[in-house]
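Chains as they are written, first to last, in the working numbering: chain A, 6 to 122; chain B, -1 to 237. A virtual CB, placed ideally from N, CA and C, is assigned to each residue, including glycine. The structure presented is a predicted model; accordingly, all values stated were derived computationally and were not measured.
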């Protein structure tokens, strides 16, 4: 198991990054910190999927003069480009909601907000 | 107690994931299933079929054009949502008037000088990245992000008022919809010329047209994306 993990070190690293993000989401009390944790989890998933497309010794998938096989897999890169843009969109909406919460309640600490109900 | 539960949760999440990850095909192997089916086809036929040497651009704008069309709508919708959340119920909010307005921290001379020095080059690089998206790494989203970063750093240096005066709201209102607009116009051009929405020219003789369409969409995405990110940044700065 350990040597299998060692060959897939990139994937294992993104799993660990994912867990760091999850830790932030679970333990942090500040809404913005929670959301940063969520963003770290997103980044871990992006890193994982892009790592799936890596090919040993592969070039960037750009044809033209002087390009030679093997090329890295273009599909994960294209998918993650989409994913990053959606992540930016959700981040902007979440931050604006947090701003509204602060204006409304005067705090963005989760436990204080829970008491306020 | 709470700490122990957190550790337990993390272990419960991490162990199955690590186990699953260890079973995947070895990292970087050219025989992994993800590499041998669709991407092999794209890598082989992408440049002739889709009109761009950069296969990633082929995939996002041509093969998966519908997907990206929806995606530019997503960023536009996020702008609309930010407006709805932040500007919707502004009146009747006493807290807003109580708070001190725009306490601008002074910017160091070094930072200010460097940004002013680099700004034209950043802008040029952004334009290069957008216009060369079909033959080199880059494209609309990346170039748009660079322009947006330039706008944000300029806002920090010269202050919001001056930065916003460079792109008046009248123009910006149009720029926000540039990305969906470029996509829809290219889609409708495909509808008229080839009978299907977002159908790109496929024959050898019309490849130049496909490339021009790709560039139009790239410019739309770049300009529109940058305008949307800048406006979101400024709107949040208001609060």
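Item, Value
"Contact set between residue 25 of chain B and chain A, taken where Cβ atoms lie within less than 8 Å", "12, 13, 14, 15, 16, 56, 59"
"Own chain partners of residue 14 of chain B with C-beta closer than 6 Å, once the 5 adjacent residues on each side are dropped", "none"
"Cβ-Cβ separation, residue 142 of chain B to residue 224 of chain B (assumed contact under 8 Å), whole Å", "4 Å"
"Within chain A, partners of residue 181 of chain B - CB distance below 9 Å", "Near residue 181 of chain B there are no residues of chain A at all, since even the closest Cβ is about 13 Å away, more than 9 Å."
"Residue 54 of chain A: first and last residue of the uninterrupted alpha helix (DSSP H) it sits in", "36 to 57"
"Sub-8 Å separation of residue 11 of chain B and residue 98 of chain A beta-carbons", "no"
"One or two residues paired with residue 114 of chain A in a DSSP bridge", "A:35"
"One or two residues paired with residue 210 of chain B in a DSSP bridge", "None, per the DSSP bridge assignment."
"Nearest to residue 87 of chain A (by Cα), restricted to the options B:62, B:24, B:189, B:20", "B:62"
"8 Å contact criterion, which residue 161 of chain B and residue 149 of chain B should meet: CB distance rounded", "7 Å"
"Inter-stretch contact (C-beta, 8 Å, three-pair minimum) for the stretch 44 to 57 of chain A and the stretch 41 to 51 of chain B", "no"
"Any chain B beta carbon closer than 8 Å to residue 35 of chain A", "no"
"Nearest-angstrom Cα separation, counted from residue 27 of chain A out to residue 72 of chain B", "26 Å"
"Straight-line gap, residue 111 of chain B to residue 166 of chain B (C-alpha atoms, nearest Å)", "25 Å"
"Residue 22 of chain B beta carbon less than 8 Å from that of residue 16 of chain A", "yes"
"Proximity test, Cβ basis, 8 Å: residue 94 of chain B and chain A", "Note that residue 94 of chain B has pLDDT 47, beneath the 50 cutoff, so the model's placement of it is unreliable and the number below is only indicative. Yes - at least one Cβ of chain A is within 8 Å of the one on residue 94 of chain B."
"Beta-bridge pairing of residue 52 of chain B - partner residues as DSSP gives them", "A:67"
"Boundaries of the alpha helix (DSSP H) in which residue 200 of chain B is found, first to last residue", "No alpha helix (DSSP H) contains residue 200 of chain B, which DSSP labels as neither H nor E."
"Residue 92 of chain B versus residue 85 of chain B: straight-line alpha-carbon distance, rounded", "Residue confidence is low: residue 92 of chain B scores 48 on pLDDT, short of 50, so the model does not pin down where it sits. Its coordinate-derived value is still stated next. Straight-line Cα distance between these residues: approximately 14 Å."
"Chain A contact residues for residue 139 of chain B, given Cβ-Cβ distances below 8 Å", "86, 89, 90"
"Contacting residues, own chain, Cβ-Cβ under 8 Å from residue 30 of chain A (five flanking each side not counted)", "39, 42, 43, 46"
"Residue 73 of chain A: contacting residues in chain B (beta-carbon distance under 7 Å)", "Simply none; closest approach about 12 Å."
"Alpha-carbon to alpha-carbon, residue 18 of chain A and residue 92 of chain A", "21 Å"
"Integer-rounded CB distance, given that residue 216 of chain B should sit under 8 Å from residue 138 of chain B", "4 Å"
"Per DSSP, cross-strand counterpart(s) of residue 76 of chain A", "A:64"
"Any non-hydrogen atom of the ligand ATP closer than 7 Å to residue 50 of chain B Cβ", "Here there are no bound small molecules, and the ligand ATP is not part of this structure."
"Cβ contact check for the stretch 61 to 68 of chain A and the stretch 23 to 43 of chain B: 3 or more pairs under 8 Å", "yes"
"Proximity winner among B:53, B:1, B:234, B:25, relative to residue 153 of chain B (alpha-carbon distances)", "B:234"
"Top-ranked residue by Cα proximity to residue 105 of chain A, from A:22, A:36, A:82", "A:36"
"Any C-beta of chain A under 8 Å from that of residue 12 of chain B", "yes"
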